[in-house]
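One structure is given below, encoded as structure tokens.
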Amino acid sequence: MQITHILEELAFDMGELPREAIEAAIAKRKAMTPHLLQILSDAVERIDEIIENDNYQGHLYAMYLLAQYREPAAFPLILKLISFPGEIPHVILGDVLTEDLSRILASVCEGNILPIQQLIENPLINEYVRAAGQSSLVTLVGCGLLSRKTIIPYFGTLMTQLLERRRSYVWDNLISCCCDLYPIEILDAIISVFDEELADSEFITLEDVQAILDKKQEDHLFKLFQNAELIEDTVTEMEKWLSSPTY
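Okay, so the sequence shown: first residue is 9 according to this note's numbering, each after it adds one.
In structure tokens form, the structure reads like this:
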């Protein structure tokens, strides 16, 4: 399949998975990479058009494919795309924002977590984007690409110093991410978050945290190491969305 045909097939939602085009894009990684990077660059410049045309999905396929490629040049472009204010990230990404963005970021960052930390700490960024940044760090730990000893203290510093003291999903997800990593070292900071009522008790409670800590650390972390994964196969990832009842 020619490059131009692949790009045409991936550009718009036609109601069925363009499997042949995706497989061709995977096979033609080197040739496709600059085109997919250009799609992301164009998306940043033409964000209003993407918002208006909800059938356009070229930027989504570009994100997944470049994540599968482990293409670091996609990292700054994706960061720009998800840093638009308000609800724009949700409009242009849909459920990808909450379900897969964290794994996409982990797949393209090449271990460079500083931009992810800046994303997490920026109160002007969409709260679900910031949460995806937090979760991407857990994914990196689970995949053996980042040390738990690096991220646990960072999560503690987020709670004690770096995050704004107002309730949001950023706090809820942060506590959840801490639990994924077995947060015994930062339990006092977590208790303070609940004391200040920064986390939504309908999402997670201090009792939930304690239930994690009642387990053996090695058993709990084994589950993380077993289940964490980067973006491995765009076909499988997109089939998941097509089979979703909300698609």
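No residue lacks a Cβ here, since even glycine has one placed at the ideal position from N, Cα and C.
The structure presented is a predicted model; accordingly, all values stated were derived computationally and were not measured.
- Y64 carries a strand assignment under DSSP once its states are collapsed to helix, strand and coil.
- The shortest C-alpha to C-alpha distance from G150 to any of V52, E210, N235, R54 is the one to N235.
- Within 10 angstroms of the beta-carbon of N181 lie 16 or more other beta-carbons, which makes it buried.
- Judged by their CB atoms, S91 and I159 are not nearer to each other than the 8 Å cut-off.
- In the DSSP secondary-structure assignment, F211 is not bridged to any residue.
- Taking 8 Å as the cut-off, the Cβ atoms of L105 and A70 do not count as close.
- In the three-state DSSP reduction, F20 falls in the strand class (E or B).
- Taking all protein chains shown into account, S209 has fewer than 16 neighbouring C-beta atoms within 10 Å of its C-beta and is therefore exposed.
- Here DSSP, grouped into helix, strand and coil, assigns R37 to helix.
- Just so you know, the alpha carbons of K231 and E245 end up roughly 21 Å apart.
- Under the three-state reduction of DSSP, N134 is assigned to coil, being neither helix nor strand.
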